[in-house]
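>
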Amino acid sequence: MKDAPGVYDALPFLIANTKQVMGLEELPEEPFINTAGLNVVYWAAATPRWTVCVPHCATAR
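Numbering-wise, the sequence shown is residues 0 to 60 according to numbering that gives the first Met the number 0.
Written out as structure tokens, the structure reads:
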């Protein structure tokens, strides 16, 4: 599921969004993903890292 479209590792996602708010440069390994107006789900299900899912993953089961 983590390779499904719209699924992102949370830490790079959160770092990129923090940098966006602070006006800092985006890095390729920490891309800014604009989630304005989207339903976003955060979860950690028996994994050592958090995952972020934007709407595309709802159909990727």
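Glycine included, each C-beta is placed from N, C-alpha and C at the ideal position.
#1: With a threshold of 16 other CB atoms inside 10 Å of the CB of ALA3, please say whether the residue is buried or exposed.
#2: Rounded to whole angstroms, what is the Cα-Cα separation between GLU25 and PHE12?
#3: Considering only residues of the same chain and omitting the five flanking positions on each side of GLU28, which have a CB-CB separation below 7 Å?
#4: Reducing DSSP to helix, strand and coil, say where VAL40 ends up.
#5: Buried or exposed for ALA35, going by 16 or more other Cβ atoms inside 10 Å?
The answer reads as follows:
#1: exposed
#2: 11 Å
#3: PRO11
#4: strand
#5: exposed
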